[in-house]
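First the structure, in the form of structure tokens, and then the observations on it.
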Amino acid sequence: MSDQIQFIVEKLNQEPFRKNYNLITFDSLESVQLLQLLNDVLGEIDPKHAVDIREELPEQTAKRMLSLLGILKYKPPGSISDLSAFRQGLVTGSKPVIHPVLHWLLQRTNELKKRAYLARFLVKLEVPAEFLQDDTVADINKQYEELMEAFKNLHKECEQLKTCGLSTGEIRRDISAMEEEKDQLIKRVERLKKRVETVQNHQQMLEIARQLRLEKEREESLAQQKQEQKNQLFHAEQRLQRAQFQLKEMHHAVVDSKPETLMKKLEEEINFNSYLATEKIPRELESKKNSTYFLQKVVAEPAMSQSDLSVLEIKINEVNAQINQLTEKRMMKDEPIDSKFSMYRQQASIISRKKEAKAEELQAAKEEMSNTEKQMLQKTNQAHELEGSEVLKGDELKHYVNKLRSKNTFYKKKRLEIAEITAEYGILQRTEELLKQRHEALQQQLQSIEDKKGISGYSYTQEELERVSAVKSEMDEMKGRTLDNMSEMVKKLNTTVAEKKASLAPVIKELRQLRQKCQELTQECDEKKIQYDSCAAGLESNRSTLEQEVKGLLEECAQEESNYRYINCMKRNLEIQLQRAKEEMKAYVSPDPQERRKAIREQYIRIILEQENLGKKLREKQKVVRESHGPNMKQIKMWQDFERLMECKRECFLKQQNQTAIGQVIQEGGKDRLVL
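Numbering (full-length UniProt numbering), first residue to last: 1 to 676.
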């Protein structure tokens, strides 16, 4: 208890309370002062409770504190078993009640602050079931629950970002390291460019290297796509296998069945499902609703003590006794006809209970069958994945058995080899033991000889002295090195500590002042934030309701406007069509030929005649072309032959001219030689 009080005093003397208590002053506090101190601690956790308890009634103070302690999930210690005693001690400011509460609150202040902040948004407002029957209230309650879930998700994301986020120093170091790497890469690229510029066709080689890089990237992407397609193919094959298995089951179910049996099964399923939908499920739903309603009523009522529960049990027993008496009186007063009806009612109730039991058994059997089918599908899929094929049958099974036999013989051979190796290992172990025994015997003989000569333990002491001298020399060397290193390190550390102290002294002074300012500003910021959050929540709710109303009205307005425009367009189209029909009728009926020509019917008749005349002319032209096609093709062929003949003559003429020119040159060359 003294440790608990000492911890409370230490925490209260620290920030943000600054009470300057000691054990005597704290123990001499009165009940009202203790309650005010508890209220101050609760106000630090939740600012809504930072009030003066002298301005409110003791019952209100106790109720407010109990509600916050319930939200913070405080459990009274084992010594206070009765909740009413705990409440009374909280109202009167009893030290055995308030000291454990203060100790519990001051142990986990930061955690409780977070819990109180979350409770403002996550403590669900219980709405009675009869109010939820209204659609508007139900919709608002649903929106409230959705917003609560959204707040939970956002808070989780915020906490994750706080925990996994990097500090600014680490980010700056990463940025500086990346900039250094960037400078190094730029210098390296410049050096490589200078080297490459001396090479011939370096631009072409760079282009080829770029294309190679692009092709490698494309190859990687194609390999990734191929892997994805393989995965998709594997999943598709699994779905196909499941569908084939279901199809086989359906075939097996339908092979020996008849339409009458199928209809009978369907009727049984329909009757069972209709029974579930009309009788069982509504009854269970009604019972669940009643139980939830009663549970909500129980939760809404204040907490009850053991005496209240005992009183309620006495009342329940009295009411049950009255019910039994009334039923006995009714059974005694009933007539024989009513007794027959009661017998029928009992039989009907027994049958209905049996029916419900069988329905539950049937439903459980169906669920078990579906679970076994799922397990069978999983096992078949696992078998397909392991074996790569279906269950072996016939010759494949024989081949598999032969393979297993060969593996079994191979296993037996290896087992015999292992047995031989273990036997050899046992022999070697035995020889090792014999050699150890011989070594011990020789040591004993040597010791006996040393005893006879009067120099017992000579060999052992000689070995030990040699070993100790070697170890001592090594330790001396290590001690000398370590002492030198330690003296140098101590000097360096002393100089660095003195330098750091001198450099950090003004910074520490500034830091203390800044910490005080920071605490004041954080308190002011928290207060302003609370005011802002409450104001923003109210304005946001009003804005959301107004936005929904405006949105609904705008949608209605747009819908009505589109309907109006559509109706106007349809009206104009119909008026235009009606006007054209009237004009057409008027032109068709009028005796004036000019007016008739303006009619659409006359225009279409005239166009049809023109097209028929044009078709006749084209058919005649086609006939002429067909008749002259053969002679024209012959003439074209003759012209082509004539063209080839003229081309051949031109080539011959050019060759002859070249030969004559070459002969003249040769003759002139001969004459020149003769002249020389």
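Idealized CB from N, CA, C, for every residue including glycine. Please read these numbers as outputs of a predicted model, since none were measured by experiment.
Would you mind reading off the limits of the alpha helix (DSSP H) that contains residue i?
i: glycine 93; result: Counting along the chain, glycine 93 falls outside any alpha helix (DSSP H), and DSSP gives it neither H nor E.
i: valine 41; result: 31-45
i: arginine 120; result: 109-122
i: proline 16; result: Neither: proline 16 is in no alpha helix (DSSP H) and is coded neither H nor E.
i: arginine 64; result: 58-71
i: lysine 264; result: 259-275
i: isoleucine 24; result: 23-27
So does residue i have its beta carbon nearer than 7 Å to some heavy atom of the ligand PLP?
i: serine 28; result: Among the components of this structure there are no ligands whatsoever, and the ligand PLP is therefore not found.
Enumerate in chain order the residues of its own chain whose CB-to-CB distance from residue i is below 6 Å, with the five nearest sequence positions on each side excluded.
i: alanine 138; result: Leu132
i: residue 685; result: Shown here, the chain extends from 1 to 676; a query on residue 685 therefore has no answer.
i: glutamate 560; result: none
i: phenylalanine 26; result: Val9
i: glutamate 335; result: Only weak support exists for where glutamate 335 lies, its pLDDT of 48 falling under 50; the coordinates are left without a value.
i: glutamine 14; result: none
i: histidine 202; result: Val196
i: leucine 12; result: Lys19, Tyr21
Once you ignore the five residues that flank residue i on each side, which residues in its own chain have a CB closer than 8 Å to its CB?
i: arginine 87; result: Ala62, Leu66
i: asparagine 141; result: Val127, Leu132
i: phenylalanine 245; result: Leu377, Thr380
i: isoleucine 80; result: Unreliable placement is indicated for isoleucine 80, whose pLDDT of 45 sits below 50; the coordinate value is still reported in the next sentence. Within the same chain, isoleucine 80 has close Cβ partners Phe86, Gly89, Pro96, Val97.
i: leucine 206; result: Val196
If you drop the 5 nearest sequence neighbours on each side, which residues of the same chain put their C-beta closer than 7 Å to that of residue i?
i: glycine 93; result: Ser31, Val32, Leu34, Leu35
i: leucine 674; result: Here leucine 674 scores only 46 on pLDDT, less than 50, and its place in the model is too uncertain to base an answer on.
i: lysine 104; result: At residue 104 the sequence reads tryptophan, which differs from the lysine that was named. Same-chain partners within the cutoff: Tyr74.
i: residue 685; result: Since the first residue of the chain shown is 1 and the last is 676, residue 685 is not available in this structure.
Mind checking if residue i is an interface residue toward chain C, Cβ cutoff 8 Å exclusive?
i: leucine 614; result: No chain C appears in the structure shown, which is made up of a single protein chain.
Q: Kindly provide the ranges of any beta strand (DSSP E) runs that are 3 or more residues long and lie completely inside the stretch 351-375, ordered along the chain.
A: none
Q.
Quick test of the definition: if touching needs 3 or more C-beta pairs under 8 Å, does the stretch 570-588 touch the stretch 597-614?
A. Yes, since at least three Cβ pairs between the stretch 570-588 and the stretch 597-614 fall closer than 8 Å, the two stretches touch.
Q) If you pair each beta-carbon of the stretch 94-114 with each one of the stretch 65-78, do three or more pairs fall below 8 Å? A) yes
Q. Is there contact between the stretch 44-54 and the stretch 108-116, where contact requires at least three CB pairs shorter than 8 Å?
A. yes
Q. Taking contact to mean at least 3 C-beta pairs separated by less than 8 Å, is the stretch 317-329 in contact with the stretch 238-249?
A. no
Q | Meets three-Cβ-pair contact criterion under 8 Å: the stretch 274-293 and the stretch 350-364 | A | yes
Q | Any alpha helix (DSSP H) of 4 or more consecutive residues that is wholly inside the stretch 498-579 | A | none
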